[in-house]
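Asks: Below is a structure I'd like to ask you about.
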Amino acid sequence: MNAPDRYERFVVPEGMKKVAYERDMKIMNAATFTIQREDHTIGNVIRMQLHRDPSVLFAGYRLPHPLQYKLVIKIQTTSQSSPMQAYNLAVTDLDKELDHLKQVFQEEIAQKQSEYY
Amino acid sequence: MKDRPSVMDLPDLPKGELPAHLELQRTRVVCAADAPSYTESVQYSGAYMAFGVDNSLRLEDFKKSFKVEVKYINDDDMEFDMIGIDAALANAFRRILLAEVPTMAIEKVFIANNTSVIQDEVLAHRLGMIPIKADPRHFEYKADDENANEKNTIVFKLNVVCTRKGDRVNNASVKSEQLIWLPEGSEMPFDTKTKFTAFGCGQDKLPEFASSPICSQYPDITIAKLRPGQAIELECHAIKGIGKTHAKWSPVATARYRMHPEIVLTEVLEDDLAEELVAKCPAKVFDIEDLGKGRKGVKAARPRDCTLCRECVRGEDWEKRVSLRRLKEHFIFTIESTGSLPPNVLFTEAIKILIDKCQRIIAELS
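Following this line, the structure appears as structure tokens:
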């Protein structure tokens, strides 16, 4: 029938960019990032991370439509920074945080399991 | 108007510190009898600029404050506390566990014979739901146009005939243990491209499966019920997938989190009131405390058991005596695995998937 393929929810179609950057023409230091085939899972985490950055004035995300599998993040920063810089910093920071989290979790598990056996 | 204090006489707020009521709003959800309040998490770095408080959070601060405490763990379930993370991250892990950690599940069923009362499509659906004991990390995803091989497909056969022997009926119910693993691939005759399996070698010869044969995680799942004379003969192909496509690939029964409850007694409660509070709580959170001289007090001995039923803040004046809160940065995370992977491995996989997502959206930014 006309049901869309199941993999369309997470496979980026050929010729489409995973992440697209578009500068806002009306507001200084503002931009929109469009990420294909992602959802609240990463959107909300990035928004959280951007808010922690003192140079970010505005950060928000939305899913334009439940059947369009894409995520839109809008960022506005102070003149000392740029949306691209803030985005890069947020994601690399997040990456490091998660690395740390994984390490702490695994240490705790190893300790717990050594207590049991 | 005489005893109204001048603004100039008010004590200065210490710099770099939030006043108590704002600190409460920042770190707690206050659960009153009617509704919870301060549910949002304040993330904006300049939110408390007026008090000279920097609300930004950097990697170093995170590393200092983050803690994990495992409460219990076994092969199926685990409960652990994560302290010092935001709801956004906790929710990301929950979402990934439910929908994005891969497992193996039966996707194609080739039915040669089915004379049971259960229809082919219903039977196929039931087979799909059976959790399979196979580590998905040893397998690859199978594309639609790809041939099935030993790295992407697990083949099972089911061949049962129900017979009557005197008073007894054999195979009256078909159980999941009757699914037989075919490590050499499909035994059905070559028919179509999808049905054919081209196994390079037997899966039972591969080191990862040599010691632990692949089977259903639970032997006693009823697949169908038969009467004498009825039979089922079929072959099923299990492939790797994620819960986003279909819930049968979800590796967890549930993955959930809740914020740690905190109960503060704002007044000293004695004797009758203390007894009343202990009796009010269905989760048995409070204990009677001996204050000496025959007086009885009360304390919140097991706040973790609190289900937030809010019984303790219901009724006249109780909201003034008891303050019921949740800690915004303390998450009690529970994972119930379906069995293909132990829960701690599932969580590590979830972290890896999130790291992977981060790296992709930074690497593919042109």
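Sequence order for the protein chains is A and B.
Residue numbers for the first sequence follow the numbering used here, so the first one is 1 and each next one is one higher.
Residue numbers for the second sequence follow the numbering used here, so the first one is 1001 and each next one is one higher.
Even for Gly, the Cβ is constructed at its ideal location relative to N, Cα and C.
This one's a predicted model, so the numbers in the text were calculated from it and none came from an experiment.
Helix, strand or coil: which one does DSSP assign to Lys1299(B)?
Replies: In the structure shown, Lys1299(B) sits in a strand (DSSP, three-state: E or B).
Asks: Would you please verify whether the beta carbon of Pro54(A) is less than 8 Å from any beta carbon of chain D?
Replies: No chain D is present in this structure, whose protein chains are A and B.
Asks: With a threshold of 8 Å between beta-carbons, can Val1068(B) be considered close to chain A, or not?
Replies: By this cut-off, Val1068(B) is an interface position.
Asks: Would Asp53(A) and Ser1045(B) qualify as a contact pair, given that the criterion is a beta-carbon distance under 8 Å?
Replies: For Asp53(A) and Ser1045(B), yes; Cβs fall inside 8 Å.
Asks: Could you tell me which chain B residues have their CB closer than 7 Å to the CB of Ile35(A), listed as they occur along the chain?
Replies: Going along chain B in sequence order, the residues near Ile35(A) (Cβ under 7 Å) are Ile1361.
Asks: Report the partner residues of Ile1180(B) according to the DSSP bridge assignment.
Replies: Ile1180(B) is bridged to Lys1157(B).
Asks: Of all the residues that make up the stretch 1082 to 1097 of chain B, which are near chain A by a beta-carbon distance shorter than 7 Å?
Replies: Result list: Asp1086, Ala1088, Leu1089, Asn1091, Ala1092, Arg1095, Ile1096.
Asks: Do Val1053(B) and Gly1016(B) have their C-beta atoms within less than 8 Å of each other?
Replies: The answer is yes: Cβ separation under 8 Å.
Asks: Evaluate Val1268(B) with the Cβ neighbour count: other Cβ atoms within 10 Å of its Cβ, from every protein chain shown; 16 or more gives buried, anything less gives exposed.
Replies: Exposed, since its Cβ has fewer than 16 Cβ neighbours within 10 Å.
Asks: Hey, how far is the Cα of Glu1316(B) from the Cα of Arg1028(B)?
Replies: Glu1316(B) and Arg1028(B): Cα-Cα distance of roughly 24 Å.
Asks: Just list the beta strand (DSSP E) runs in the stretch 1182 to 1251 of chain B, keeping only unbroken ones of 3 residues or longer that don't cross its boundaries, in chain order.
Replies: Entirely contained in the stretch 1182 to 1251 of chain B, the beta strand (DSSP E) runs reaching 3 residues are, in chain order, 1222 to 1225, 1231 to 1241.
Asks: Mind listing the chain B neighbours of Thr92(A)? Cutoff is C-beta to C-beta under 7 Å, in chain order.
Replies: The contacting residues are Ile1362.
Asks: Ser1369(B) bridges to which residues according to DSSP?
Replies: As displayed, chain B neither begins before 1001 nor continues past 1366, which places residue 1369(B) out of reach and without an answer.
Asks: Any beta carbon of chain A sitting closer than 8 Å to that of Asn1344(B)?
Replies: For Asn1344(B), the answer is yes, since a Cβ of chain A falls inside 8 Å of its Cβ.
Asks: At the level of alpha carbons, what is the spacing between Gly1236(B) and Gln1359(B)?
Replies: In the sequence on display, residue 1236(B) carries Cys and not Gly. Rounded to the nearest angstrom, the two C-alpha atoms are 36 Å apart.
Asks: Give the secondary structure of Leu1269(B) by DSSP, where H, G and I count as helix, E and B as strand, and everything else as coil.
Replies: The answer is coil: DSSP assigns Leu1269(B) none of H, G, I, E or B.
Asks: Exposed or buried, which one is Gly1370(B) when buried takes at least 16 other CB atoms within 10 Å?
Replies: No statement about residue 1370(B) is possible, as the shown extent of chain B runs from 1001 to 1366 and does not include it.
Asks: Helix, strand or coil for Tyr1141(B) per DSSP?
Replies: Note: Tyr1141(B) maps to coil in three-state DSSP.
Asks: Taking 8 Å as the limit between beta carbons, can you name the residues of its chain near Ala1112(B), skipping five residues before and five after?
Replies: Result list for Ala1112(B): Met1188, Glu1233, Leu1234, Glu1235, in chain order.
Asks: Which value, in whole angstroms, describes the spacing of the CA atoms of Lys1296(B) and Cys1309(B)?
Replies: Approximately 25 Å between the Cα atoms of the pair.
Asks: Roughly how many angstroms separate the alpha carbons of Pro1342(B) and Thr34(A), rounded to a whole number?
Replies: The straight-line gap from Cα to Cα measures roughly 36 Å.
Asks: Which residues share a DSSP beta bridge with Ala1105(B)?
Replies: Paired residues: Ile1239(B).
Asks: Could you spell out the range, first to last residue, of the beta strand (DSSP E) harbouring Ser82(A)?
Replies: That residue, Ser82(A), is in no beta strand (DSSP E); it is neither H nor E in DSSP.
Asks: Just how far apart, CA to CA, sit Ala110(A) and Pro1102(B)?
Replies: For Ala110(A) and Pro1102(B), the distance between alpha carbons rounds to 24 Å.
Asks: Are the CB atoms of Pro1131(B) and Tyr1218(B) nearer to each other than 8 Å?
Replies: In contact: Pro1131(B) and Tyr1218(B) (Cβ atoms closer than 8 Å).
Asks: Suppose contacts are defined by Cβ-Cβ distances below 8 Å. Is Tyr1048(B) in contact with Leu1018(B) by that definition?
Replies: The answer is yes: Cβ separation under 8 Å.
Asks: What residue range does the alpha helix (DSSP H) around Val45(A) cover?
Replies: Unbroken alpha helix (DSSP H) run through Val45(A): 40 to 51.
Asks: Applying the 10 Å Cβ sphere with the 16-neighbour rule, what's the burial state of Ser1337(B)?
Replies: So Ser1337(B) counts as buried.
Asks: Who pairs with Val1030(B) in a beta bridge, going by DSSP?
Replies: DSSP, once it has assigned bridges, lists Ser1037(B), Arg1325(B) as partnering Val1030(B).
Asks: Could you tell me if Lys1142(B) is buried or exposed, where buried requires 16 or more neighbouring beta carbons within 10 angstroms of its beta carbon?
Replies: Looking at its Cβ environment, which holds 16 or more other Cβ atoms inside 10 Å, Lys1142(B) is buried.
Asks: Less than 7 Å between C-beta atoms, sequence neighbours within five positions excluded: which residues of the same chain meet that for Ala86(A)?
Replies: Here the set comprises Leu50, Asp53, Ser55, Val56, Ile75, Thr77.
Asks: Would the beta-carbon of Glu38(A) fall within 8 Å of that of Leu71(A)?
Replies: For Glu38(A) and Leu71(A), yes; Cβs fall inside 8 Å.
Asks: If you follow the beta strand (DSSP E) that Phe1080(B) is part of, which residue opens it and which one closes it?
Replies: From DSSP, the beta strand (DSSP E) with Phe1080(B) extends over 1077 to 1083.
Asks: How big is the Cα-Cα spacing for Ala1035(B) and Gly15(A)?
Replies: If I take the Cα positions, the gap works out to 49 Å.
Asks: Tell me which residue opens and which closes the alpha helix (DSSP H) that Ile27(A) is part of.
Replies: Careful: Ile27(A) lies outside any alpha helix (DSSP H) and carries neither H nor E.
Asks: Distance, Cα to Cα, Glu1107(B) vs Leu1182(B)?
Replies: Cα-Cα distance, rounded: 16 Å.
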